[in-house]
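Oh and the sequence shown: position 877 is 877 in the UniProt record's numbering, straight run, nothing missing.
From the three backbone atoms N, C-alpha and C, an ideal C-beta is built for every residue, glycine too.
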Amino acid sequence: LLLVMDERNTPMRTYQVCNVMEANQNNWLRTRHISREGAQRVYIEIKFTLRDCNSLPGVPGTCKETFNMYYYESNNANLWFIKESQYVKIDTIAADESFTQVDVGDRVLKLNTEVRDISNLNKKGFYLAFQDLGACIALVSVRVFYKKCPLTVLNLAQFPDTITGGDTALVEVHGLCVNGSEEFEAPKMYCSADGGWLVPIGRCVCKPGFEENKDVCQSCRTGTYKALATDAYCSKCPPHSSSPLEQATECVCEKGFHRAEVDPRSMACTRPPSAPENPISTVNETCAMLEWSQPRDTGGRGDVTYSLHCRKCSGDGKKCAPCGSSVHFIPRQFGLSSPIVLVADLQPDSNYSFTVESQNGVSDLSSTPRGTVVINITTSQTVSVVLKERRSKDSVTLAWQGPERPNGVIVEYEVIYYEKNQREQNYTVLKTRSNMMTVEGLKPGTTYVFRVRARTDGGYGGYGGEIELETSHEGVFTWMNPVTFYSLFTQLIFCIMLYINDNQTMNLFFRHCGYIKAKQDPDEEKMQFQHVKLPGSRTYIHPHTYEDPNQAVRDFAKEIDASNIRIERVIGAGEFGEVCSGRLRVQGKREIYVAIKSLKAGYSDKQRRDFLSEASIMGQFDHPNIIRLEGVVTKCKPVMIITEFMENGSLDTFLKKHDGQFTVIQLVGMLRGIASGMKYLSDMSYVHRDLAARNILVDSNLVCKVSDFGLSRVLEDDPEAAYTTRGGKIPIRWTAPEAIAYRKFTSASDVWSYGIVMWEVISYGERPYWEMSNHDVIKAIEEGYRLPAPMDCPVVLHQLMLDCWEKGRSERPKFGQIVTILDKLIRNPGSLRELANSSVWSPSSPEFSVSTVDEWLDAIKMGQYKDNFSSAGYVSLDSILYISMGVTLAGHQKKILSSVQSLQTHGTHVQV
């Protein structure tokens with residue numbers, strides 16, 4: 001250890017050795033114990049000078065210009081001796097610059113600096129050692145250090161000083177959220193080997209009541225709040241609320257205002273609504289339509305609903321009691337979203353008081369009385385029976401007496417009449433202000449039924465008794481004396497109970513069951529019904545009975561704003577344009593999948609009417625097995641019809657795709673759904689005329705729904721004798737014989753078609769009558785031929801098909817009976833075990849000769865397996881009689897095996 005002067009003439013201590021004249025030098029210098037302080041990797045910086053051996057005269061060849069550096073890792077800080085073999089070599093150090101004797105004289109010593117590192121340290125500390133093997137060297141300084149990533153704050157998380165890892169490993173460091181913040185996603189960063197932080201992951205956010213400001217969270221000021229930690233900044237209190245203290249997580253509502261539990265904290269405080277306004281009532285026999293306007297003050301909310309409380313009162317109105325459960329409210333009594341309700345099953349000639357209460361989402365939080373309005377009504381009496389009449393060959397004169405105590409001034413009388421034997425097909429309504437009327441334009445020698453009722457400002461009363469009158473025959477004119485004949489008739493409740501939705505229910509009620517205006521005189525108004533039942537039952541109204549077809553669309557179909565529709569992809573094409581799938585955004589609800597039929601550009605007025613007529617028909621139906629109309633777009637182009645979306649498409653295609661994959665019970669369930677939908681249509685006097693599996697749609701839950709309500713069906717004089725519809729031709733094989741011969745379409749002809757649909761379902765989409773021509777089908781049916789049972793068809797189902805195919809339409813079952821039969825089968829699955837003839841060929845079927853394997857596979861609709869049979873060596877019909885198949889689909893296996901059995905029985909000249 002020497003004290004020398006550096007180039008600045010500053011004294012410095014050095015460790016020197018220069019025994020170059022002696023061979024076999026091995027000089028060591030060791031440090032004290034150096035604590036690593038948690039570092040896994042440390043750096044050693046050494047500064048030294050080295051003498052050039054060539055500058056030393058007479059030096060032997062053992063002179064060195066390098067030295068070695070070692071370390072020894074140890075937990076013991078007081079070792080006085082370490083064996084040479086225990087050290088780990090760090091490196092051999094050579095000088096970049098060496099000096100000579102001249103340099104020493106000039107005091108220009110050339111200082112070298114070298115840095116080395118030690119990795120993966122794990123003990124408390126280590127010793128450094130320097131070995132000289134014969135160099136002239138001076139060790140000026142040794143500096144030992146490690147690197148670390150410095151303390152930092154980022155994304156509201158603080159990361160502490162972190163010592164780097166060993167080698168090039170990254171050190172994962174988890175941050176701590178600063179005051180007033182909380183973890184949103186666990187904050188962390190990686191400390192690199194060179195002491196730098198890498199890109200941060202995760203972050204902290206300011207707690208509710210705090211907002212971020214320059215990497216710190218500060219309290220929300222008074223008058224502001226922050227409800228969620230994910231909100232970036234404090235917000236001003238919404239209307240009718242305040243926050244008097246800092247760090248507010250929500251604003252307190254003012255007196256008289258409230259916030260519901262489900263309301264977001266950002267919503268203004270609201271209050272209960274005021275009372276409903278402008279109440280009006282329309283009494284119709286024992287039904288009453290009650291309407292009112294929404295409250296003038298909704299309390300600042302859009303969820304206003306209404307509830308009704310009913311009381312029946314005495315004649316003087318002094319004593320009232322609750323109505324009880326005998327009175328019915330349509331659509332409901334409580335929680336009405338629309339300011340209108342139909343009240344049914346009231347007692348005639350009675351006084352009622354209805355209290356309409358408005359409420360919203362905060363009504364239950366308020367102690368103030370709820371806003372109410374009272375509607376009082378009196379139900380009407382019936383008109384007295386007809387007193388006298390006068391008849392001729394084409395007219396009848398009637399006179400009657402009004403109610404003894406009418407509910408207000410009588411505005412007019414209504415007379416309804418119809419031919420006695422055509423009650424359900426056609427009836428006429430006449431109106432007059434007089435209590436006498438002459439009905440003209442009647443058929444001679446025909447019996448008519450007449451009924452009369454009165455209308456006051458409070459609505460219609462009940463019908464009086466029926467009277468039957470026969471007009472005189474040709475050339476006879478008869479005056480009749482007044483009569484007192486009448487029969488008391490149970491009052492019909494003229495209320496249409498449609499459970500569709502609030503608005504649609506009321507719209508249908510006010511359509512007066514389909515009245516179409518025909519003519520209007522000063523004292524008399526005549527209205528015509530076409531194919532409509534009497535009041536009291538729902539009946540289909542043909543769109544063609546409207547003078548303005550657009551009115552039918554407005555009456556039965558909801559107009560949808562085109563901006564609420566998003567078309568996603570094309571799924572098909574029809575006569576009028578493309579069919580797409582997409583989404584419909586319904587206010588207050590989630591988006592729903594829909595099917596969208598669009599009318600192509602360049603359409604004529606007739607095409608537009610025909611296109612929208614289907615919507616006019618669909619809009620009248622509400623049944624789980626009838627395709628549901630969502631609405632139409634008519635106020636912009638393209639014109640569209642929007643229906644519910646059926647994920648599995650048409651039934652025939654669906655069954656072919658899943659051949660043999662369903663149980664008999666599942667198939668019967670599908671048939672039951674179709675029959676239920678057809679019963680609904682039949683009850684509404686709607687004849688479908690195109691019932692086939694291709695016009696049944698299937699949803700994701702295997703629910704089958706009847707669709708295709710086109711109107712144009714005209715018999716053509718072509719050899720195929722097919723019916724033409726909007727969607728193309730209807731093959732004869734689905735149509736009842738009387739409909740083919742006489743164009744007589746009824747619910748009974750729909751039952752025939754339903755039998756064909758049953759056959760399609762059980763055969764998994766097989767084509768009825770196979771490849772027979774339409775002419776051969778007509779001829780075979782006339783001769784009594786009926787389709788044989790499909791493969792694996794239960795006897796009871798084939799018998800039901802045969803019942804549907806009875807030649808006499810009156811002998812066929814009604815759809816209601818079919819539903820009952822299928823329900824019994826579903827409840828008793830054992831009745832489905834007995835199978836009819838499951839062969840693909842029937843002895844009663846037309847013959848079809850096959851001579852090759854390819855012809856045989858084509859005949860049984862299994863042509864896709866030709867290559868499989870050929871490659872397996874089945875090239876002749878004889879070779880397949882003992883077939884061992886590799887066909888994987890169960891339905892296809894059964895069909896092929898069944899046909900092989902028939903080949904074995906009948907030979908190669910088989911029947912299909």
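Taking 7 Å as the limit between beta carbons, can you name the residues of its chain near residue i, skipping five residues before and five after?
i	result
D91	M69, R116
R318	Correcting the residue identity first, residue 318 is Lys in this sequence and not Arg. Nothing meets the Cβ criterion.
P444	K393, D394, T471, S472, H473, E474
Y540	Q620, M684, S685, Y686
S35	K124, G125
Kindly list the residues whose CB is nearer than 6 Å to the CB of residue i, restricted to its own chain and excluding five residues on each side of it in sequence; keep chain order.
i	result
F159	T152, V173, G175, M189
G577	S598, L599, K600
E357	S307, R370, T372
C18	C136
T298	P273, V304
L787	W759
I592	L584
N9	none
Assuming contact is defined by CB atoms lying nearer than 8 Å, are residue i and residue j in contact in what I supplied?
i	j	result
A229	F184	yes
S242	V252	yes
S676	N695	no
P272	T355	no
K648	V698	With the sequence shown as reference, residue 648 is identified as Asn, and Lys is not the correct amino acid for it. Taking 8 Å as the Cβ cut-off, N648 and V698 qualify as a contacting pair.
T224	K236	yes
E614	I627	no
residue 976	S747	Nothing in the structure corresponds to residue 976, since the chain is present only between 1 and 912.
A268	H309	no
Y448	Y418	yes
A275	R203	no
P187	P208	no
W770	I756	no
L121	E84	no
L691	M670	no
V452	I560	no
V761	L655	yes
T286	L346	yes
With which residues is residue i paired in a DSSP beta bridge?
i	result
residue 913	Because the chain here runs from 1 to 912, residue 913 falls outside it and cannot be looked at.
V698	C704
Y225	S235
M189	V173
Assign residue i to one of two classes, buried (16 or more other C-beta atoms within 10 Å of its C-beta) or exposed (fewer than that).
i	result
S712	Below a pLDDT of 50, predicted positions are generally treated as unreliable, and S712, at 40, falls in that range; the measurement from the model is reported next regardless. It is exposed - the Cβ of S712 has fewer than 16 other Cβ atoms within 10 Å.
C636	exposed
I280	exposed
I740	buried
P11	exposed
F509	Bear in mind that a pLDDT of 37 at F509, under 50, signals an unreliable position, so the number given afterwards is only what the model happens to contain. Looking at its Cβ environment, which holds 16 or more other Cβ atoms inside 10 Å, F509 is buried.
D96	exposed
Y427	buried
A562	exposed
Q359	buried
L430	buried
G461	buried
Just tell me which of the options has its CA closest to the CA of residue i.
i	options	result
E834	G196, Q817, P794, S563	P794
A23	T62, I826, P57, T378	T62
I410	G402, G302, T447	G402
M618	A557, G58, W400, V579	A557
P238	K226, Y72, I571	K226
A193	L671, H258, R609, Y43	Y43
G315	V594, S350, F611, K443	S350
V823	S604, A169, L154, Q666	It is worth fixing the name first, because residue 823 is Asp in this sequence and not Val. Selected option, being the one with the closest Cα: Q666.
A331	S325, C323, G324, V343	Reading off the sequence shown, one finds Pro at residue 331, where the question assumed Ala. Of S325, C323, G324, V343, the residue nearest in Cα terms is V343.
G300	T270, G755, D364, S325	T270
T49	H623, M21, A94, M684	A94
I641	F709, F329, V703, K124	F709
R51	N76, L139, R41, L797	L139
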